[in-house]
Amino acid sequence: GAVVSQHPSRVICKSGTSVKIECRSLDFQATTMFWYRQFPKQSLMLMATSNEGSKATYEQGVEKDKFLINHASLTLSTLTVTSAHPEDSSFYICSARDMSGGDTQYFGPGTRLTVL
Amino acid sequence: GEDVEQSLFLSVREGDSSVINCTYTDSSSTYLYWYKQEPGAGLQLLTYIFSNMDMKQDQRLTVLLNKKDKHLSLRIADTQTGDSAIYFCAESFGGGGNKLTFGTGTQLKVEL
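Top line first, the protein sequences correspond to chains F and W. Count the first sequence with my numbering and you get residues 1 to 116, in order. Count the second sequence with my numbering and you get residues 1001 to 1112, in order.
Here it is as C-alpha cells:
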C-alpha cells in the first residue's frame, strides 16, 4: 500500500512556542490530506481538511488561527500549532487521499506532541 | 449529527473468535470501515464494506452489516496475541478518500 510519513514522530516544547508537523505522501500525489487529533484512550477527531493550493477547511470548534495548515505541494501538508499550551498536548495523525486506482485514505504514523 | 459508538473493551483467549461491534447513526453512509491501531502508531485499514452489502469476508476477518439497525460488526477468527490493539469502525459518505467519522474505539486484549 501507499506510504504516508509524519515528522517529527515525537516533540516536546515549552508553552508559548510554535510547533510544525509535516505530513508527506511518499509514493503518490495527494490533493487532499486530513489532520486528526487523538487524546489518550479516545477516538480520532477530524480537525481539518487540507487542500493543495487552497485554504484548508476546518471542522467546527477548531481554531484556524491556532492550527495553521499549509498544503503547498501535492506531497506535503504541514500543521503548525501556534503558541502551544499544555492542553494542546495530543497525538496528531494525518492521512492522505490517494485517488489513483481507486479512492483510498492512507494514514501516517502520528506525532506525539507534549507541551510543558 | 453523526455518532459512532463502540464498546470500550473486549478480552478473549488466544484461538477464540473476537466480535467487535459498532453502531452508527448516519444512514447516508456509503462505506463503513474497520481500522486497527497499535500503541503509539497510526491506523491500519483492515477492511471495508459498501453499504449495499450484508457481509464481507477476508481471510480471518468477517464484516457483517445490518443497515436497518445501523449495526456493524467485525469478527476475527482464531484470534492471536498480535491482534491485541484498538479497533475503530468508521463511516464515510462516498469513497474511502472522503471525510471519515470514527467510532469510539474498542481495545481488544488477547490472553494466552
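Think of the CB as a built atom: it goes at the ideal place given N, C-alpha and C, for glycine as much as any other residue.
- Sixteen is the threshold: when 16 or more other Cβ atoms of the shown chains lie within 10 Å of the Cβ of L1108(W), as they do, the residue is buried.
- If only complete runs of 4 or more residues are kept, the region 14-102 of chain F shows no alpha helix (DSSP H) anywhere.
- Contact between A2(F) and F28(F) is confirmed by a C-beta separation of about 5 Å, below the 8 Å threshold.
- Contact annotation: the region 20-36 of chain F does not touch the region 1004-1024 of chain W, with fewer than three C-beta pairs closer than 8 Å.
- Within chain F, F34, L46, T49 have C-beta atoms less than 8 Å from the C-beta of K1099(W), given in sequence order.
- Cβ-Cβ distances below 7 Å link S100(F) to F28 in the same chain, with the five nearest sequence neighbours on each side left out; the list follows chain order.
- With respect to chain W, the C-beta atom of G110(F) has a partner C-beta closer than 8 Å.
- By the CB criterion at 8 Å, W1034(W) and L1043(W) fall outside the cutoff.
- Within the same chain, and ignoring the five residues on either side of P86(F) in sequence, the residues whose Cβ sits closer than 6 Å to its Cβ are V115.
- Here the region 36-47 of chain F does not lie against the region 1022-1031 of chain W, with fewer than 3 beta-carbon pairs under 8 Å apart.
- Secondary structure of T1081(W) (DSSP, three-state): helix.
- In the three-state scheme derived from DSSP, where H, G and I count as helix and E and B as strand, V3(F) is classed as coil.
- Between the C-alpha atoms of S90(F) and I12(F) there is a straight-line separation of about 11 Å.
- For N1052(W), the secondary structure class from DSSP, reduced to helix, strand or coil, is coil.
- Interface residue (Cβ-Cβ distance to chain W less than 8 Å): F107(F) is classified as such.
- With a threshold of 8 Å between beta carbons, F1088(W) makes contact with chain F.
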